Amino acid sequence: MQQPVVRVGEWLIAPSINQISRAGRQLTLEPRLIDLLMYFAHHPGEVLSRDELIENIWMRNIVTNHVVTQSISELRKSLRDGDDNPIEYIITVPKRGYQLTAEVTWLDEADVSQHTEPAAVTPTATPAPAPETRPTPVPLSPKRRWFSSFWTQCAFLLSLGVLIAMVLLTVVRPHPPITRSHLLLNPRDIDVRFEPGASCNNWVSQQAYAIGLGTLITTSLNTYSTFMVHDKTNYNVNEPSSSGKTLTISFVNQRHYRAQQCFMSVLLVDNADGSTMLDKRYFVTDSNLVSIQRDLFDSLSTALTQPWPAQMQQELAHLDMTQPMSLAQFYQALLLISEGDASSLTKASTLLDSIIKQSPDFAYGYAQKAMVDVLRNSQQPFDNQQLAALNRELDKVDAIPEIQNSAVRYRIQAINALAKGSIDNAYEAINKSITLEMSWLNYVVLGKVYEMKGENRLAADAYITAFNLRPGDNTLYWIENGIFQTSVEKIVPYLQTFQPKAS
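Numbering follows this note's numbering, in which position 435 of the sequence shown is assigned residue number 463; successive positions increment by one, without gaps.
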């Protein structure tokens with residue numbers, strides 16, 4: 029029996045082999061993405077909610093809304109493969125769901141077996157069904173009606189007896205032993221870990237730079253690739269992971285008898301077979317921080333067979349500072365921001381102000397400082413003089429061309445709107461930021477917005493997503509204390525198991 033084949037826009041979808049193709053280009057997708065695309069094809073033009081997709085694609089398995097969002101994002105990336113001016117096949121309908129806008133044509137596999145181009149396929153005409161004719165019912169005699177009713181009751185009683193017998197057998201018969209399932213690896217998941225250099229003397233001064241690289245890799249891959257990356261640099265738990273790959277950044281002694289000589293090692297391992305996908309070693313100096321970052325991302329692109337899109341390359345170029353040491357200081361400021369407490373945020377603001385003076389063309393420095401100061405104001409309200417300075421900062425950021433349509437700018441707007449009680453504006457801004465950058469901090473802010481909207485279930489979903497992207501004490505601190513205090517016990521009790529135990 030031939031399985032259905034469908035053409036969605038320019039793509040020919042073959043669900044039996046999990047492939048989509050067009051113009052000689054073939055892509056193999058994960059089965060869940062094929063199932064998702066086929067479900068859209070069965071409902072062209074309809075707006076499908078997340079709950080409906082979970083009901084029909086994940087069959088009500090325990091998944092979060094983020095899983096649907098990530099799957100839609102992966103599907104969009106696959107459908108725009110190779111397009112310079114990508115057409116959006118699946119659009120987001122705010123507050124309702126998603127809609128397939130491309131034309132859908134159903135075909136038979138037999139009709140496309142001789143063709144490689146979707147355009148060359150001729151749709152198969154389906155004959156209209158013949159009109160149904162119903163026979164005229166013949167009335168039963170009273171005796172036959174009684175006879176039919178008697179046997180209907182007998183059949184009902186017999187079925188009821190069989191059902192009771194089955195229930196009794198289930199109760200009496202002992203259950204077979206449950207076999208513990210083994211850990212299943214997800215080849216599209218990557219863990220990023222940082223290991224300090226126990227045998228090196230100078231690793232502490234380079235720690236912030238190494239952790240900053242790991243954070244940048246995590247955010248970039250989550251935003252611009254189909255990989256799901258978990259930044260575990262703040263998660264000091266030695267436990268099995270379901271991620272198919274592990275990227276470890278560590279400091280290794282060059283010569284055991286000279287502890288001051290060490291290099292930064294970046295190792296990417298495929299956990300399925302233990303093979304090494306990437307093994308780079310860098311001697312970090314004050315002048316080569318930018319060049320190391322460029323080389324590392326080029327090497328990752330090759331190892332993961334993941335070409336970086338133009339937008340990501342442009343954002344990486346924004347970190348090419350004229351003063352190389354400013355990059356290390358910038359990552360130090362980001363590390364302070366991740367800690368989230370008032371003292372760390374104040375230190376981060378001072379450090380960013382120093383970076384801006386050293387590199388006045390560094391646009392992201394101005395934006396990050398404005399975000400930090402907005403956070404400080406939300407926790408400890410500024411006086412009139414400080415507020416005036418903050419407003420000047422925000423006006424300056426709004427006028428910088430590189431920041432006009434950036435994730436950090438929309439994140440600033442969301443935090444500022446929350447502090448002023450403008451919940452709808454905050455919701456709109458943070459969703460724009462998440463579209464541009466899939467980061468743990470964005471999902472923490474989204475959780476805060478949902479809390480203010482009174483939607484605690486969605487807030488919990490956002491907080492768990494943030495913790496999944498970057499598990500650890502720092503993310504928990506942000507969830508509990510960022511912008512305003514949140515009760516983990518009340519809003520997201522699941523995360524209580526990850527809270528540090530009181531000594």
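Ideal Cβ placement from N, Cα and C applies to all residues, glycine included. Every value quoted in this text rests on a predicted model; they were computed, and no experiment measured them.
With a 10 Å radius around its C-beta and 16 neighbouring C-beta atoms as the bar for buried, classify residue i as buried or exposed.
i: residue 330; result: exposed
i: residue 237; result: buried
i: residue 309; result: exposed
i: residue 413; result: exposed
i: residue 45; result: exposed
i: residue 192; result: exposed
i: residue 499; result: buried
i: residue 420; result: exposed
i: residue 522; result: exposed
i: residue 518; result: exposed
i: residue 299; result: buried
i: residue 131; result: exposed
i: residue 162; result: In this predicted model, residue 162 has a pLDDT of only 45, less than 50, meaning its place in the structure is not dependable; the value taken from the coordinates is given anyway. When all chains shown are included, residue 162 counts as exposed.
i: residue 525; result: exposed
i: residue 215; result: exposed
i: residue 144; result: Residue confidence is low: residue 144 scores 46 on pLDDT, short of 50, so the model does not pin down where it sits. Its coordinate-derived value is still stated next. Classification for residue 144: exposed.
i: residue 379; result: buried
i: residue 360; result: buried
i: residue 399; result: buried
i: residue 222; result: buried
i: residue 279; result: buried
i: residue 401; result: buried
i: residue 322; result: exposed
i: residue 159; result: Here residue 159 scores only 46 on pLDDT, less than 50, and its place in the model should not be relied on; the value that follows carries that caveat. Exposed: under 16 other Cβ atoms inside 10 Å.
i: residue 259; result: buried
i: residue 41; result: buried
i: residue 184; result: exposed
i: residue 425; result: buried
i: residue 503; result: buried
For residue i versus residue j, is the C-beta distance shorter than 7 Å?
i: residue 427; j: residue 442; result: no
i: residue 50; j: residue 133; result: no
i: residue 557; j: residue 353; result: The structure shown does not extend to residue 557, since the chain is modelled only from 29 through 531, so no value can be given for it.
i: residue 325; j: residue 311; result: no
i: residue 465; j: residue 251; result: yes
i: residue 350; j: residue 319; result: no
i: residue 256; j: residue 217; result: yes
i: residue 368; j: residue 505; result: yes
i: residue 473; j: residue 491; result: no
i: residue 375; j: residue 363; result: no
i: residue 271; j: residue 340; result: no
i: residue 213; j: residue 268; result: no
i: residue 295; j: residue 307; result: yes
i: residue 447; j: residue 406; result: yes
i: residue 485; j: residue 461; result: no
i: residue 43; j: residue 62; result: yes
i: residue 452; j: residue 93; result: no
i: residue 334; j: residue 253; result: yes
i: residue 81; j: residue 95; result: no
i: residue 55; j: residue 103; result: no
i: residue 471; j: residue 494; result: yes
Name, in chain order, the residues that DSSP records as bridge partners for residue i.
i: residue 325; result: Its beta-bridge partners do not exist; DSSP assigns none.
i: residue 274; result: 219 and 297
i: residue 125; result: 121
i: residue 309; result: 293
i: residue 214; result: 271
i: residue 257; result: 218
i: residue 303; result: 298
i: residue 335; result: None, per the DSSP bridge assignment.
i: residue 49; result: 40 and 54
i: residue 35; result: 40 and 133
i: residue 281; result: 290
i: residue 318; result: Residue 318 is not bridged to any residue.
i: residue 75; result: 127
With a threshold of 6 Å (Cβ to nearest heavy atom), would residue i be considered close to the ligand ADP?
i: residue 331; result: As for the ligand ADP, it is missing from this structure, which has no ligand bound.
Going along the chain, which unbroken runs of the alpha helix (DSSP H) with 4 or more residues stay wholly within the region 495 to 519?
501 to 509 and 516 to 519
Are the region 503 to 514 and the region 272 to 282 in contact at 8 Å, needing three or more beta carbon pairs? no
- Task: Within the region 424 to 465, note down every full alpha helix (DSSP H) run reaching 4 residues or more, in order along the chain.
- Result: Within the region 424 to 465, the complete alpha helix (DSSP H) runs of at least 4 residues are 435 to 448 and 451 to 464.
Exercise. Given 8 Å as the limit, is there contact between the region 229 to 246 and the region 355 to 373, that is, 3 or more CB pairs closer than that?
Worked result: yes
**Item:** Contained alpha helix (DSSP H) runs [length at least 4] in the region 354 to 397, N- to C-terminal order
**Value:** 370 to 386
Count the CB pairs spanning the region 56 to 74 and the region 124 to 132 that are closer than 8 Å, and state whether there are at least three.
yes
Can you check the region 467 to 499 for any beta strand (DSSP E) of at least 3 residues that lies completely inside it and give the ranges in chain order? none
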